[in-house]
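Engineer: Going down the list, the protein sequences come from chains P and Y.
Each residue of the first sequence is one higher than the one before, counting from 1 in our numbering.
Each residue of the second sequence is one higher than the one before, counting from 1001 in our numbering.
Think of the CB as a built atom: it goes at the ideal place given N, C-alpha and C, for glycine as much as any other residue.
Before anything else, here's the structure in question.
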Amino acid sequence: IKELFDKYANHPQDNQPGKIGPNGVSRLLDDLRLDAEDRKVLILAYKMGAQIMCEFSWDEWRKGMRDLKADSVKSLRSRLDKIDAGPKDSSQFKPLYQFAFTYGKNAGQRNLELSTALVYWKILFKDQFPLLPQWEEFMQTRSGKAVTKDTWNLLFDFATSIKPDLSDYDENGAWPVTLDDFVKWARTR
Amino acid sequence: SAMSRSGATASSSGNNRMRIRAFPTAMDEAYVDQTLTMLQDAIKEIQRKNNGGLSFEELYRNAYTMVLHKHGEKLYNALKEVVREHLKGPIRKRVGGTMDDLFLETLNVAWSEHTTAMVMIRDIFMYMDRVYVEQQKCEPVYNLGIGIFRDEIVRQDRVSEHLKKVLLEMVAEERAGVTIKWSGIKSACAMLVALGIENKSVYEMDFEGPFLKETSEYYKAASQKFLMENCASVYVKKVENCIAEETDRAMRYLDKDTKNKLLQVLEDVLVSQHMQTVVDMENSGLKAMMRDDKIDDMRSLYLLLRRVNNGLNVMTTCMSEYLRSIGEKLVDEVEGVSKEGETVDAATAAARKDPVRFIQELIDLKDRFDHFLKDAFDNDASFKNKIQSDFEFFFNKNKRSPEFLSLYIDDKLKKGQKCLNDNEMESMLDRSMVLFRFLSEKDAFEKYYKQHVAKRLLLDKSVSDDAEKQMITKLKTECGCQFTQRLESMFKDKEIWGTLNVNFKDYCTNNPVGLQMDVGVRVLTAGIWPTQSAAPQCVLPDSCQAAFDHFKAYYTGAHNGRKITLNTLLGSADIKAIFYGATPNSDELSQQESEAGPSSRDTAPKRKEEHKILQVNTHTMILLMRFNIRPKFTFEQLKTDTQIPERDLQRCLQSLSMGKPTQRILSRKGKGKEIEDQDEFTVNDMFTSKLTRIRIQNIANKSETEPERKETRNKIDEDRKHEVEAAIVRIMKARKNLQHNDLVVEVTEQLQSRFKPDPQLIKMRIESLIEREYIKRSDDNHRIYQYQA
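Now the structure itself:
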């Protein structure tokens, strides 16, 4: 695993000694034949417990590779394929989804920037959340307000339990106010 | 031996001696027959009312003997036979033959005679009753007789039908006012009851049922007539009379169980069927009664409708409609909250009622209905509750009610109003508390009340400290200490002012610094008194600044560690002003003079200078003092020089230059309706007044202006956010885990004495608390919250 790590670490154009930097990551993704926006990339980051985007430390690399039981690019690729099931597999997906929030936000802030959130939702849900386009549209009407952790997390529950026609949504339930507003907005369209 | 064996015709004249005979060991057939016949004959005599010569003991003994010798059956049948024959024969003939006026009497007499006979017969055959009847479980003697009468008389020849007809006719006659022999009915009813033996089925079927039916028909028709011809109160009276009359009837001659059934019919036909009509009757129904204060009529109506199911509901619904219509009208007439972008023209605004009068009218309305409740509705709980919920409904319809209630109390506690004695004061405060309890936004009231108390204390307008304290005590009793803590602190501050000023005067004497004025000081503890969030820091005239600094030195010296700042919003000043009259150097005047011609200069009116004392607020004092420096200022200059907030400065200038002529201290040169930067102000030297001391009133509304109201509303909302959060945390700390809906319910319950929290508000605060990590959602069920220590 160390050899593999060294292959991508300390890329000349990167400025992170002892780590795989953005360019290294880019090369890695090329080798894995993964698009940067592929969900599997996020899974990889999750499995590694990566702290900073586009950067992997040796500890993270080692942890991730061990977890995934991979030792080569080929095995890594196939493992990622296997475990990328999507929202239906909630035991796998839920922690991944919640990880994405912390991963995507700036360290000093409490909430996640809307632009980042929108990107991540696309990556995570792909086409497995029918209301996602409307959700995106709605979120953009909120003058760029950042996304709270609670709203982020509950969106998963929402996506996986509420019918697309919103007929079983309870306004007086425990949903966050943002979701209440979304449903109200969506129903008028 | 005279009566015993010898012959068929046993002489029975007057022989009452007791005989002791040898006890026969067996009875032969002949003897049995003999005895039977003898007994039957005796019975016949009894039936003919000829029982005088009979010997009870002998008859009893014979019957006894028969039973003893196992001839009970024969005896029983013989008895049956003789009774039946008697009734079938002569009696039926007698009764059946008089279907005319004497029918009832005849029947009653026949019955009476029969029962009398049966009593005697029963006594004679008592042993048979006890032994034979008991064993055979057949009809006891007396009942046997009753049954035979029923079957042979009443159930024959249409006797029962005729009886019914006669009885009902008599009742109808009596109802029409004719005097009848009602004892006949009484006897007949008693007979019918008895005929049923173990129940009243004969009576019910033959008389009571038809009677009730006829009664129902009769009163159905009567009620229609009553309704058409009469107003509501008369109808009620008529019904009362009918009920009284029928009750009397029932007690006089009907079976006792009939009375309640009869009342049931009456109440149904006369009351239940028509109560809605009566209550709603135009010009005489309940609404008219209330409008015209017809207490007695209302009371009668209440008592009548109380008898029937749902009667009182009909009344309370009607009362509620009426009360609500009055209440809503009152609420609409007073100024409310203006909607977004709504402009109210002057005429409408003027027509809107003054808040103090509004509250007074509500109090009067409550008094009026309390009076109804006590004197007409017997303090009935359902009426009481309805009135209460109605008041709650329309009082809270106007969102400014909390403010208005506080203004009302303010009006009563202020000096200069009509002086109330102690009882009147207490009564007024109590009535205010009644309205207070109806408020759903009690926290809003609290805010306004504090503001108004503060103003009264600061401007020394309170008519009586005792009255103020009384009110605070009442609020405390109602709402707890938290409500009144700040108010009590304000009073504590106030109580020190007197001493404070005395001590400061001493200090000034001992440390003279050449102050150019007399200073009175009031120290307010920060955070207790309601003030605007940031008191403006205006630029004081030097003399004032010096005075303040001197006091500051004294105070901080006397109270180590405390800091004081001056609040220019709350003070007042008396300033000396000299108005010099016309000054020849003014631009305008010279203009006029040049037009008029040079000669007019000498004849220009010169007025004596006038010395006045102006009572003004601090800001006005500050701006007026500027005019000692030079005669003319623009608005903009005044703004910069004094640092008084723009809106406030405008208000002061408006009241000095554009308001009542009696206080036009300044002259304004400007174009528009509103004061603009380039407007120029000068002292109005031509100012004159009869008074030496002039108080300058600012154009201030008694109640809040729209922007002020918005600010207060914002403050209230802010406070509510905190109260909701505090409640959530409290509850979660105690319960550790709680479902969303349960949490909302509990929070609402905890806060209900203050205000009604919107579920959305609660949700938002929950989310905020989640963000700040006071609580979190359960991992398995996002509907459950968990407390995070």
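(1) Is there at least one Cβ from chain P nearer than 9 angstroms to Y:L1589's Cβ?
(2) Please classify Y:C1652: is it buried, with 16 or more other beta-carbons within 10 angstroms of its beta-carbon, or exposed?
(3) Quick check on DSSP: helix, strand or coil for Y:Y1787?
(4) Is there a Cβ of chain P sitting closer than 9 angstroms to that of Y:V1744, yes or no?
(5) Which residues, in order along the region 152-183 of chain P, keep a beta-carbon less than 7 angstroms from a beta-carbon of chain Y?
(6) Cβ of Y:R1693 within 9 angstroms of Cβ of Y:K1608?
(7) Using a Cβ-Cβ cut-off of 9 angstroms, state whether Y:H1740 counts as contacting chain P.
(8) What are the boundary residues of the alpha helix (DSSP H) that includes P:A119?
(9) What runs of the alpha helix (DSSP H), each 4 residues or longer, lie entirely inside the region 1404-1486 of chain Y?
(10) As an exercise, report each continuous alpha helix (DSSP H) stretch of at least 4 residues that is fully enclosed by the region 1247-1289 of chain Y, in chain order.
(11) Rounded to the nearest angstrom, what separates P:S78 and P:K47 at their Cα positions?
(12) Taking P:R187 as the query, report the chain Y residues whose CB atoms sit under 7 angstroms from its CB, ordered along the chain.
(13) Straight-line CA distance for Y:I1197 to Y:R1155?
(14) What is the DSSP secondary structure of Y:S1401, counted as helix, strand or coil?
(15) When you measure from the CB of Y:F1687 to every non-hydrogen atom of the ligand FAD, does any distance come out below 8 angstroms?
(16) Are the Cβ atoms of Y:K1715 and Y:T1682 separated by less than 9 angstroms?
(17) Which residues, taken in chain order from the region 1758-1770 of chain Y, show a beta carbon closer than 9 angstroms to some beta carbon of chain P?
(18) What's the gap between the Cα of Y:I1665 and the Cα of Y:Q1615?
(19) Let me know the secondary structure DSSP gives Y:K1093 once reduced to three states.
(20) Judging by CA-CA distance, which residue of Y:T1556, Y:G1561, Y:A1558, Y:I1575 is the nearest neighbour of Y:S1543?
(21) How would you list, in chain order, the residues of chain Y whose beta-carbon sits under 7 angstroms from the beta-carbon of P:D150?
(22) Measure the alpha-carbon distance for Y:D1677 versus Y:M1658 and round it to whole angstroms.
(23) Go ahead and label Y:N1398 buried or exposed: buried means 16 or more other beta carbons lie within 10 angstroms of its beta carbon, across all protein chains shown.
(24) Below 7 angstroms CB to CB, which residues in the same chain sit around P:Q13 once its five sequence neighbours on both sides are set aside?
(25) With 16 as the cutoff for other CB atoms within 10 Å, does Y:F1056 come out buried or exposed?
(26) Hey, out of Y:N1737, Y:N1108, Y:Q1788, Y:R1730, whose CA is closest to Y:K1181's CA?
(27) Counting along the chain, where does the beta strand (DSSP E) carrying Y:T1634 start and finish?
(28) Taking a contact to mean a Cβ-Cβ separation below 9 angstroms, would you say Y:L1365 touches Y:M1433 in this structure?
(29) For Y:L1054, does the three-state DSSP call read helix, strand or coil?
(30) Do you know how far the Cα of Y:R1299 is from the Cα of Y:D1375?
(31) Could one say the Cβ of P:R110 lies closer than 9 angstroms to chain Y's Cβ atoms, at least one of them?
(32) I'd like to know whether the C-beta atoms of Y:M1275 and Y:V1234 end up nearer to each other than 9 angstroms.
(33) Tell me, please, whether the CB atom of Y:S1586 is closer than 9 angstroms to any CB atom in chain P?
(34) When you compare the region 1120-1128 of chain Y with the region 1085-1099 of chain Y, are there three or more beta-carbon pairs, one atom per stretch, that lie closer than 8 angstroms?
(35) Kindly indicate which residue of P:D67, P:N153, P:D59 has the alpha-carbon position closest to the one of P:L124.
(36) Beta-carbon separation of P:E113 and P:A146 under 9 angstroms?
Structural biologist: On the basis of the supplied data:
(1) Because the pLDDT of Y:L1589 is 40, which lies under 50, any placement of that residue in the model is unreliable, and the number read from its coordinates should be weighed accordingly. Taking Cβ atoms only, chain P never reaches closer than 9 angstroms to Y:L1589, which makes this a no.
(2) buried
(3) strand
(4) yes
(5) L154, D157, N172, G173, A174, P176, V177
(6) no
(7) yes
(8) Before going further, note that residue 119 of chain P is Val rather than Ala in the sequence given. Element bounds for P:V119: 114-125.
(9) 1422-1438, 1442-1458, 1465-1479
(10) 1258-1266, 1275-1280
(11) 15 angstroms
(12) Residues of chain Y passing the Cβ test: none, with the nearest at roughly 16 angstroms.
(13) 15 angstroms
(14) helix
(15) By its list of ligands, the structure shown contains no ligand whatsoever, and the ligand FAD lies outside what it can speak to.
(16) no
(17) P1759, Q1760, K1763, M1764, I1766, E1767, I1770
(18) 12 angstroms
(19) helix
(20) Y:I1575
(21) E1767, I1770, E1771
(22) 16 angstroms
(23) buried
(24) N23
(25) exposed
(26) Y:N1108
(27) 1632-1634
(28) no
(29) coil
(30) 7 angstroms
(31) yes
(32) no
(33) Any reading at Y:S1586 must be qualified, since the residue scores a pLDDT of 44, below 50, and its modelled position is unreliable; the value itself is stated next. Taking Cβ atoms only, chain P never reaches closer than 9 angstroms to Y:S1586, which makes this a no.
(34) no
(35) P:N153
(36) yes
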